[in-house]
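Data first, discussion second: the structure below is written as structure tokens.
In the numbering used here, the protein residues as written are 902 to 1455.
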């Protein structure tokens, strides 16, 4: 039945990287198929906030924010530690505004500024402490698109990032606003991004199949000529002129995690389909690997139950650990990092090795906060002064809380005493918490964003709360090396004809850096655009020229 199944371009994976690649190839006139291994579409993108980090972007320019290509490049270079290839940094910064234009021209999505969201290292050269580089798509309506609504991963969220506590909002909508969004089946965040891209792909005639896993690349005369896939009906080969790998990272494969990542990963939090399929396929045909030790690190709290995609529930702790009245300690009851640092940088604290004891002393770690944090800000989605989740440990004294967490009470007491003394004075001589705009951002939306007291506050108001925090990652960021067009390179640096990669499956152009909110999706989208376009233009793909009247998929 499938004997003559042939496409110009086959894309493996349906997150932002895969769908952007598919759309870009289809716009070029290619006949495209998207094969998604999981039952649900969208990958980790569908679980995300849907934000994209783009220096010198169009919404920022319209808002009068001063930014430039040169500042974006200077910022990345200042954080590089020698791991960012300059030509790929240029491709990333140049491709951001191009991606914005492409998405707005070819889909119903429109980008908006997440006002005030600082870069993650705003004190570095070229950094923007008052925001301007993090943008998000607006609400996407699933009206007329209901058949795909439940086929996308993630939970329905009728909010934008800027309406959530982390982005400056309350996280609650007025009843009439919520009712209107429900009526319009309007959603924000990652599911909106996936929905808009998927809708545009289908309008362009892209074939989309779930429960279809790429197994191995078919090659001939030194080029990729097809892909072997597995479906519930069996295994078969599909002929194609080009394959775009967009299968995500390898964080759910214990062997790959052990062999490649620079430090421990307690658990993953992205799509559970990220088991390294694309990495293995690329390795089999001689791909050069890069950036394999790195991931988009994040401290994560594990919750009871499972998500729709089958993975364990979990929450990032990006906001709560930065609020006044909150600290983090290791299993020895001691602070070990600036709690308010961005989650990727904070993840590095988990990888510090005690050379004498040969252990990672900061795992496990624990977040402790007091009632003042709850009263002033609300935690984990709750309103200020509202309910506290029952999965948190709580006690009337710090000593009792330490006991429930299995921590040495005397060390915890000494740590909190020292922290409180300095917090009252508005200083953190140990870790510099509050020294930059990003540290102060979560609390500064309620308090004074220029004051360190937006992040520093004593832990002293009973009751006290605590929870274990693990070392996690939004995804890994190592894999086959590509050029700036997304073409995969072999171990000699030559192009492997017919093979492309985008997103977390590739060697990330950002090295160990997480520039700001949305940096993950920026890499996915920019290289999805590059790779899809280049794959369609590949002489072997046989893609026809695009028809100009098909612009925007109408």
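Here a beta-carbon is modelled for each residue, glycine too, at the ideal position from N, C-alpha and C.
Should residue i be labelled buried (16 or more other beta-carbon atoms within 10 Å of its own) or exposed?
| i | result |
| --- | --- |
| residue 1006 | exposed |
| residue 1175 | buried |
| residue 1173 | buried |
| residue 1233 | exposed |
| residue 1225 | buried |
| residue 1259 | exposed |
| residue 1446 | Note on residue 1446: pLDDT 45, under 50, position unreliable in the model; no value is reported. |
| residue 1136 | exposed |
| residue 1156 | exposed |
| residue 922 | buried |
Identify whether residue i lies in helix, strand or coil by the three-state DSSP scheme.
| i | result |
| --- | --- |
| residue 1405 | helix |
| residue 1381 | strand |
| residue 944 | helix |
| residue 1095 | helix |
| residue 902 | In this prediction, residue 902 scores a pLDDT of 41, lower than 50, which makes its location untrustworthy; no coordinate-derived value is stated. |
| residue 1088 | strand |
| residue 966 | coil |
| residue 984 | coil |
| residue 1231 | strand |
| residue 1257 | coil |
| residue 1128 | strand |
| residue 1392 | coil |
| residue 1275 | helix |
| residue 927 | helix |
| residue 1191 | strand |
| residue 1412 | coil |
| residue 1246 | helix |
| residue 1109 | strand |
| residue 1161 | helix |
| residue 916 | coil |
| residue 1320 | helix |
Would you mind giving the Cβ-Cβ distance between residue i and residue j, rounded to the nearest angstrom? I have them listed as a contact below 8 Å.
| i | j | result |
| --- | --- | --- |
| residue 1300 | residue 1310 | 4 Å |
| residue 1148 | residue 1433 | Actually they do not touch by this definition, with Cβ atoms about 15 Å apart. |
| residue 1214 | residue 1208 | 6 Å |
| residue 1091 | residue 950 | 6 Å |
| residue 960 | residue 1013 | 6 Å |
| residue 1271 | residue 1386 | No, residue 1271 and residue 1386 are not in contact; Cβ-Cβ is about 53 Å, not under 8 Å. |
Residues bridged to residue i by DSSP?
| i | result |
| --- | --- |
| residue 1197 | Paired residue(s): none; residue 1197 is not in a bridge. |
| residue 910 | 933, 1143 |
| residue 1295 | 1366 |
| residue 1217 | 1201 |
| residue 954 | 1035 |
| residue 1269 | 1228, 1367 |
| residue 1136 | 1131 |
| residue 1117 | 1129 |
| residue 1400 | 1144 |
| residue 1053 | 942 |
| residue 1014 | 1036 |
Out of the options, which has the shortest C-alpha to C-alpha gap to residue i?
| i | options | result |
| --- | --- | --- |
| residue 1203 | 1195, 1369, 1437, 1440 | 1369 |
| residue 1242 | 1000, 964, 1024 | 1024 |
| residue 1263 | 1417, 1231, 1291 | 1231 |
| residue 1001 | 958, 1110, 1103, 1254 | 958 |
| residue 1167 | 1153, 1179, 1178 | 1153 |
| residue 1408 | 1417, 1419, 1390 | 1390 |
| residue 939 | 1046, 1053, 999, 1049 | 1053 |
| residue 1284 | 1292, 1273, 1294 | 1273 |
| residue 1316 | 1039, 1237, 929, 921 | 1237 |
| residue 1124 | 1358, 1186, 1323, 1008 | 1186 |
| residue 1438 | 1161, 1329, 933, 1323 | 933 |
| residue 1197 | 1046, 1404, 1028, 1345 | 1404 |
| residue 1294 | 1071, 1044, 1366 | 1366 |
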